[in-house]
Amino acid sequence: MPILEVEHISKSFNKTPVLKDVGFNLEKGQAVSIIGSSGSGKTTLLRCLNFLERPDNGIIRVNGETLFDASVPATTQESVIRKKRLHFGLVFQNFNLFPQYTALENVMLAKKLLAAEQPDFKERKREILTAIEVQAKVLLTQMGLDNRMDNYPHQLSGGQCQRVAIARALALQPDILCFDEPTSALDPELTGEVLKVIRELADQNTTMIIVTHEMAFARDVADHVIFMDDGRIVEQGDPRQVFENPSEERTKQFLSRFHEG
Amino acid sequence: MDLIMKQMPVVVSALNVGFLQTLKLFIVTLIGALPLGLVIAFGSMSHFKPLSWLARLIVWVIRGTPLMIQLLIIYYFPGLVLHNPIWGGGEAGRFLAAAVSFIINYACYFSEIYRGGIQGVPEGQKEAGLVLGMTKHQIFFKITLLQMIKRIVPPMSNEIITLVKDTSLARIIALQEIIWAGQAFMKGSHGISGAIWPLFFTAVYYLIFNGILTVLLGRLEKKLEYFR
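From first to last, the protein sequence lines are chains F and X.
If you read the first sequence in this note's numbering, its first letter stands for residue 1165, the second for the next number, and so on.
If you read the second sequence in this note's numbering, its first letter stands for residue -11, the second for the next number, and so on.
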């Protein structure tokens, strides 16, 4: 059974359709990259999966559980959506780190707040908080930031900020980690360190959806590639097949620039 | 000059009493207007249109008319027009009316500063909180609030310093604040009459108090410089 099933997702902004009947599946441990020109709906699709936008139509299932069904009002209320978001993690293009917290605090904050809602929190407070801190330190070390934990975001480079943001998303152990153009806001020389971290996550079989303009990266890191244009999935499949041998004219057109470069 | 030095102890002790009333009005206004301003700010940003219109209408009227007129209306209207003198007589009644006027007036100014502060926090901060499973409440108190405070400290400092001086407007309803106390020496008070210098001397009180506030607010601004 796929870990994620997306069916017939549609979304309009002020009557302008942005997503038109989008559907795809994702297997556990796989990485899918979504490519396409700006305005093709890639980011909106990610935002729908994280419930930052509410699809007008369609179904989102994780592990067979229907998280969202536009035709069932009970699944679309804000109060029930909150916990469902935790199935997904999202890494933003411009990091959105919390500026008043250190790198370590950024990673721990959400987990601490969730832990405080547990009924046994009061008795086991110290133990739980220690565990959260240990986990956050392990994640930041994994991101190569062991000597940056006590820095505030404005003291970090863009690449370091994005790695903190990745650690922050991983701290909640989401089923599926989403990246929204994670290197687009970075200087070219800083993209490498972020891509390396994402590649390592792929090697550890982290289930991921990566929206990116880094074509070589999209091809190499993903198990599955989706090409979107004008709010639709035009073509999807094995990266080699989509990149080397696209069957759709629009895909060929889009990739021709990449092949020339 | 000799005369002034001779009058000084009497004048200072009278001005101190007046300044105490000034200080009381200043503090009570802040205590009331800081939270009320936040309520009005949330009202004006509400998605429920009638509420947002009402909040904006109130802000427009209060900011669009002189505080002195508001003081006069709030103090005299209930008694003279409605024949229901809700404020009671004496200094306590005048203080209550002045405090209500100042709180409403300053809450409206504060609300606009709050609104700017809240809307100035990038939407991405809220979204980052949402995808991390935070509630709206947690997002406001753990993420937005401190960033908002950092943004509003400089414009708030400005308003707070203006408030110190604006308290003198309460003189118009004969509240016995420092201007009233200084002016009293012209007609005659504490055995001194025909002296105008005590009125001028009140400026020193405002100047010193605002100097202290400027230092304190500057320190707060400095404290929040640890993040950007």
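For every residue, glycine included, the Cβ atom is placed at its ideal position computed from N, Cα and C.
Small disclaimer: the values here were computed from a predicted structure and weren't measured.
Straight-line gap, residue i to residue j (C-alpha atoms, nearest Å)
i: I131/X; j: F215/X; result: 13 angstroms
i: V1182/F; j: Y194/X; result: 60 angstroms
i: M122/X; j: R1246/F; result: 7 angstroms
i: T1305/F; j: I1374/F; result: 23 angstroms
i: A1300/F; j: A1331/F; result: 7 angstroms
i: E165/X; j: T53/X; result: 23 angstroms
i: M(-11)/X; j: M174/X; result: 17 angstroms
i: L1365/F; j: V1236/F; result: 35 angstroms
i: I1167/F; j: A1195/F; result: 12 angstroms
i: A158/X; j: A191/X; result: 16 angstroms
i: L55/X; j: F65/X; result: 15 angstroms
i: D1233/F; j: N1178/F; result: 21 angstroms
i: E100/X; j: S34/X; result: 14 angstroms
i: H1318/F; j: G108/X; result: 18 angstroms
i: Q9/X; j: L204/X; result: 21 angstroms
i: D1344/F; j: Q1368/F; result: 20 angstroms
i: A1280/F; j: V1398/F; result: 45 angstroms
i: S1411/F; j: F1252/F; result: 31 angstroms
i: E1424/F; j: F1418/F; result: 11 angstroms
i: A1163/F; j: Q1282/F; result: Because chain F in this structure spans residues 1165 to 1425, residue 1163/F falls outside the shown range and cannot be described.
6 angstroms CB neighbourhood of residue i in its chain, flanking five on each side removed
i: A1382/F; result: S1197, I1199 and T1376
i: I127/X; result: K114 and G117
i: L212/X; result: K138
i: I106/X; result: M136
i: R1225/F; result: E1169
i: D1393/F; result: G1200, S1204 and R1414
Reduced DSSP secondary structure (H/G/I, E/B, other) of residue i
i: R1288/F; result: coil
i: N1227/F; result: coil
i: T10/X; result: helix
i: V1244/F; result: helix
i: R216/X; result: coil
i: N1315/F; result: coil
i: T1180/F; result: strand
i: M33/X; result: coil
i: Q1306/F; result: helix
i: A1195/F; result: strand
i: I1374/F; result: strand
i: V1398/F; result: strand
i: S181/X; result: coil
i: I1123/F; result: Any question about residue 1123/F goes unanswered here, given that chain F covers just 1165 to 1425.
i: I1390/F; result: strand
i: N1221/F; result: strand
i: S1201/F; result: coil
i: F1252/F; result: strand
For residue i, the nearest candidate out of the options (CA to CA)
i: V119/X; options: E1399/F, M1379/F and L1341/F; result: L1341/F
i: S1176/F; options: F1285/F, K1192/F, V1170/F and P1219/F; result: P1219/F
i: E1291/F; options: K1192/F, R1404/F, K1276/F and Q1405/F; result: K1276/F
i: I160/X; options: L208/X, A85/X and S145/X; result: A85/X
i: P186/X; options: L(-9)/X, D(-10)/X and L3/X; result: L3/X
i: G199/X; options: S145/X, I166/X, G170/X and G182/X; result: S145/X
i: G1228/F; options: L1273/F, P1263/F and E1191/F; result: E1191/F
i: M1165/F; options: F1259/F, A1380/F and G1193/F; result: G1193/F
i: C1325/F; options: L1231/F, R1249/F and P1346/F; result: P1346/F
i: N1315/F; options: T1266/F, N1409/F, G1323/F and D1384/F; result: T1266/F
i: R1404/F; options: K1248/F, P1263/F, P1352/F and H1388/F; result: H1388/F
i: L1254/F; options: D1284/F, Q1337/F and A1386/F; result: Q1337/F
Chain-ordered chain C contacts of residue i [CB-CB under 9 angstroms]
i: V141/X; result: Going by chain labels, chain C is absent from the structure shown, which instead holds the protein chains F and X.
8 angstroms Cβ cutoff met for residue i and residue j
i: A95/X; j: L24/X; result: yes
i: N1189/F; j: E1217/F; result: no
i: L1261/F; j: N1270/F; result: yes
i: I167/X; j: S177/X; result: no
i: A29/X; j: R103/X; result: yes
i: A1335/F; j: L1309/F; result: no
i: V1358/F; j: R1327/F; result: yes
i: N1484/F; j: A1349/F; result: A question about residue 1484/F goes unanswered here, because the residues of chain F that appear run from 1165 up to 1425.
i: G31/X; j: L18/X; result: no
i: M1372/F; j: F1422/F; result: no
i: S89/X; j: L68/X; result: no
Own chain, CB closer than 8 angstroms to residue i, minus 5 neighbours either side, in chain order
i: H1172/F; result: D1185, V1186, G1187, N1221, G1222 and I1223
i: F14/X; result: L151, V152 and T155
i: A1238/F; result: V1244
Cβ-heavy atom distance, residue i to the ligand ZN, below 7 angstroms
i: M56/X; result: Only the bare structure without any ligand can be found here, which leaves the ligand ZN out of the picture.
Chain-order list of residues whose beta-carbon lies under 7 angstroms from that of residue i (same chain, five-residue window excluded)
i: A162/X; result: R82 and W168
i: L1354/F; result: S1321, G1322 and G1323
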